[in-house]
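To keep things clear, I will list the structure first and then write my remarks on it.
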Amino acid sequence: MRAVGKSIWAPYAPDASAPWNLRRVVHLHRRAGFGASAEELERDLAEGYEPSLTRFLAGKRTFGVPESFVTTSQLVVDGAIAANDAARLAAWWLWRMLVSPDPLGERLALCWHNHFATSQLKVMDLLAMQRQNESFRRHGRSPFAKLLTSVVNDSALLVWLDAQSNRKEHPNENLGRELMELFTLGVGNYGESDVKEAARALTGLSVTAESRVHFAEKNHDDGEKTILGRTARFDADGLLAHLVAQPATATRLARRLCALFLREELASDALVASLADELRAHELDLGRAVELILRSRLFFSDANLGGVVLGPAQWIVGAVRGLGLVEPAPSTLALSEWCARLGQKLFYPPTVFGWDGGRAWITSGSLLGRARFAQELANGTLSSKAADPLAKLAGSGDLERQLARVFLGDERVSTAPATTREERTKTVARFLASPAAQLG
Amino acid sequence: MLTRRQLLARSPLVALAPTLSGFRPYFGRVKEGRVLVVLQLDGGNDGLNTVVPHKDELYCKFRPKLALASDKVLTIDDTLAFHPSLTGFARLLERGELAILQGAGYPNPNRSHDVSQLVWQTARLEREEHKGHGWLGRAFDAAPELPRGVPTFVLAGNEPAPQAVFARRAACATMNTLDEYAEADFGSLEGPRVDDSTEEFVRRTAREAESTVRRMQTLTRAKGSAKYPASELARRLQLVARLLKAGLETPVYYVIQGGYDTHNLQAEAHARLLFELGNALEAFLADLGASRLAERVLVLVSSEFGRRVEENASIGTDHGSGAPIFLAGPRVAPGLHGSVPRLDDLLDGDVRPTLDFRCVYAAVLERWLSLSSRAVLGGEFAPFDCLRS
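Take a look at the structure:
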């Protein structure tokens, strides 16, 4: 008999009951990435599961990825920071989501942006915000301790949570509290005295005028602290290690990763607990856990297909990619502005909790907003050139059928083809605004 | 400026003032129905620097840098005063349109924003009950249905719908501007209506959006001539006023003013927030008054917690407990209510709440909206006496 924990995460192998069909190809790209174009989907369908998934996990996508991706990215981000323009920084990230060879890496970066929800509104330092963003990318698949250490020892988070005013003689609890409540243990797994003691352990961290982290020995409280039942002369590193080792941290991370890739009704406590066990057995290795989920039979099971609300960034980038509008892409500044209007202003999460996500993305107001975006995308308002952005779709037969293939992996829908530009625009806009197109 | 004693002395006159016909339920006569506007101060408002015990020595001791000076504050009575920026509130109080309900909170306060907001929004203290419906959602699920296309709740702004309005049946529309509701085309919205799946949730929300669009198109677009200050909060309240003036039958409007989480350099930020709050609310009630709508409207202003009595090293304040609730509108019993939380009897550095917020909810539900409160609040809470009878 197999152990329960193992069978939950048993690997997927295509068979008659769960074949590698268009539905599952679309599922992989929409759930774990940012959607894909018709060509990319057909290629993955033809090549089969193993090479497609391996390429996806490794971040080696090539469709629509410019050869100069790395240098262009650097140029654009340097320009945004030099101009001190937060809108351009957000546009840069959206551009990366659109054309990066590693959509999974960008999805994980977005997930950690939400986890450590730090806003430029208070940090007011684009260089620091971008450095933090790079940490999310670099350590998005690392053992969690690396990600946590990298983010906590950086100026964006310290400024965000007032760490520089946390001094020995007068501790500020903000960082200590959020560290426990939001970044590691989760509410209910610590007491008020733990917060106060953690604040003492974090005293002395400060940020220099050059936006670098500095440890001021004289402001540090070197005394003994009792945190979660252990008494020691904790400093910041000791505290982080202590928190990372708590079972509650693994559970919290497991819950976040399950929410990222699985339908909410599948993410039972037992399932989360089994992923938490896997995390704890491997130093909270995030990349390993992500691979475990994405390679599992559960991830590709019928019960996990569709039914998850796509967040604004995912939905917008997915629409652009799905319509094959990557070259030339619509203005990424306009796209990221729309992302903000639909509730997800990149680099400006609304509170320390980040975005609620899931059903909270969908309100009558946001649905009407999505419908207006769909219209502007389809009629060319968002592109610099006046040409019909849907012209390429015109000659290839039944438009609704094409849309249903690319966005839903559905091969059955068939209606009369839309012919005039006006009809095309209307058909595409209505499709993108439809309830089914909000899900993935 | 009126003192508390003067207000009390005037109260018999208040009782004689002409009123609408008692506490008529909003349903049945929807058009003339009662309206509740919930204004949430997001982040935890520093109650102590809002209604200020400026003569209390302990206040000055705990707040060496943030204490507000007696010569700057706006007198309420012998011992209490408004923050200097709350000129809007001071004028509302003078007109008898503001009630100050002191020390509101709940037993065993939680200092997490998330948890404490859930407590206020679900009116439940236990964590396991926080995933369910909100207090307003439960209350209106049990109320008779509104005309088709009329959302029970309107959130004026662009935030996700707050937990308070989560309901089995009652719908919440989010409106940031009226233009957003000009048109809608979502294609077919057919599908099984019974299940609680995400698919059906999205379809249901789209159907709500469509019917609200149709409803909005039939309403006259009331042009506002009223003067509002230039702030986001004022813009949102003006939107609510326009909807009311247009005759939308929605009984509950929800508005959020963010930014109250003042851990750091609090003085300036808090002053700006309160300035915006007081002036926006004053303009809103004046606008409604000019349209003869104010008598129908009650505004409930609250926050998830107050802040620590002692200021922190970054000239800010950390999360605390009890803080005042404000009720505004011509139908409130004006002045101070309840007792001031004591600064010489703290619990873990925080004031002990003197008023359970659920008693205020009970008053709003029972005496303003004529809705039963027992099931909503999960027990009997005596309605707090804060409205004119």
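Protein chains in written order, with my numbering: chain A, 1 to 440; chain B, 1001 to 1389. All C-beta atoms in this analysis are idealised placements derived from N, C-alpha and C, irrespective of residue type, glycine included. Note that the structure is predicted; figures quoted are calculated from it, not measured.
Contacts around residue i, its chain only, beta-carbon distance under 8 Å, and the 5 residues preceding and following it disregarded
| i | result |
| --- | --- |
| residue 114 of chain A | 349, 354, 355 and 357 |
| residue 1015 of chain B | For residue 1015 of chain B, the pLDDT reaches just 31, beneath the cut-off of 50, and the residue's location in the model is therefore unreliable, although a value from the coordinates is still provided. 1388 and 1389. |
| residue 1021 of chain B | Reliability of the predicted coordinates at residue 1021 of chain B is poor, the pLDDT of 30 falling under 50, and the value obtained from them is presented with this limitation in mind. Result list for residue 1021 of chain B: empty, nothing under 8 Å. |
| residue 1343 of chain B | 1053, 1056, 1058, 1059, 1062, 1309 and 1351 |
| residue 1073 of chain B | 1052, 1054, 1081, 1082, 1083 and 1084 |
With 16 other Cβ atoms within 10 Å as the buried cut-off, status of residue i
| i | result |
| --- | --- |
| residue 21 of chain A | exposed |
| residue 188 of chain A | exposed |
| residue 1317 of chain B | buried |
| residue 1292 of chain B | exposed |
| residue 98 of chain A | buried |
| residue 155 of chain A | buried |
| residue 10 of chain A | exposed |
| residue 1064 of chain B | exposed |
| residue 1310 of chain B | buried |
| residue 328 of chain A | exposed |
| residue 74 of chain A | exposed |
| residue 1131 of chain B | exposed |
Beta carbon proximity, residue i to chain A, threshold 8 Å
| i | result |
| --- | --- |
| residue 1387 of chain B | no |
| residue 1175 of chain B | yes |
| residue 1053 of chain B | no |
| residue 1381 of chain B | no |
| residue 1160 of chain B | yes |
| residue 1089 of chain B | no |
| residue 1127 of chain B | yes |
| residue 1030 of chain B | Its pLDDT being 33, under 50, residue 1030 of chain B is placed unreliably by the model, and nothing is read from it. |
| residue 1044 of chain B | no |
| residue 1321 of chain B | no |
Cβ shell of residue i (< 7 Å), same chain only, five flanking positions each side left out
| i | result |
| --- | --- |
| residue 177 of chain A | 195 |
| residue 375 of chain A | 429 |
| residue 116 of chain A | 151, 157 and 183 |
| residue 388 of chain A | 380 and 421 |
| residue 433 of chain A | 370, 371 and 374 |
| residue 1339 of chain B | 1102, 1103 and 1354 |
| residue 105 of chain A | 59, 137 and 140 |
| residue 31 of chain A | 261, 308 and 440 |
| residue 167 of chain A | 203 and 219 |
| residue 248 of chain A | 185, 186 and 189 |
| residue 49 of chain A | 14 and 20 |
Within 8 Å, strictly: CB atoms of residue i and residue j
| i | j | result |
| --- | --- | --- |
| residue 123 of chain A | residue 164 of chain A | no |
| residue 1047 of chain B | residue 1324 of chain B | yes |
| residue 1155 of chain B | residue 1172 of chain B | yes |
| residue 1243 of chain B | residue 1280 of chain B | no |
| residue 1176 of chain B | residue 365 of chain A | yes |
| residue 1039 of chain B | residue 1257 of chain B | yes |
| residue 142 of chain A | residue 287 of chain A | yes |
| residue 393 of chain A | residue 399 of chain A | yes |
| residue 1117 of chain B | residue 1135 of chain B | no |
| residue 331 of chain A | residue 368 of chain A | no |
Contact belief for residue i with residue j at Cβ below 8 Å, rounded distance in angstroms
| i | j | result |
| --- | --- | --- |
| residue 1296 of chain B | residue 1035 of chain B | 5 Å |
| residue 1335 of chain B | residue 1099 of chain B | 7 Å |
| residue 1393 of chain B | residue 1044 of chain B | In this structure chain B extends from 1001 to 1389, so residue 1393 of chain B is not present and cannot be described. |
| residue 27 of chain A | residue 257 of chain A | 17 Å between Cβ atoms; not a contact. |
| residue 1299 of chain B | residue 1278 of chain B | In fact, because the Cβ distance is near 12 Å, the residues do not count as touching under 8 Å. |
| residue 1320 of chain B | residue 1236 of chain B | Incorrect: roughly 27 Å between the Cβ atoms, too far for contact. |
Cβ neighbours of residue i in the same chain (closer than 6 Å, five flanking residues each side left out)
| i | result |
| --- | --- |
| residue 38 of chain A | 406 |
| residue 125 of chain A | 211 |
| residue 45 of chain A | 22 and 25 |
| residue 1381 of chain B | 1358, 1359 and 1362 |
| residue 103 of chain A | 33 and 34 |
| residue 488 of chain A | Within the shown structure, residues of chain A are numbered from 1 to 440, placing residue 488 of chain A beyond reach of any answer. |
| residue 1216 of chain B | 1181 |
8 Å Cβ cutoff, residue i in contact with chain B
| i | result |
| --- | --- |
| residue 419 of chain A | no |
| residue 227 of chain A | no |
| residue 314 of chain A | no |
| residue 282 of chain A | no |
| residue 360 of chain A | yes |
| residue 440 of chain A | no |
| residue 214 of chain A | no |
Exercise. What are the residues of the segment 181–198 of chain A that lie near chain D, defined by any Cβ-Cβ distance shorter than 7 Å?
Worked result: Absent from the structure is chain D; the protein chains it does hold are A and B.
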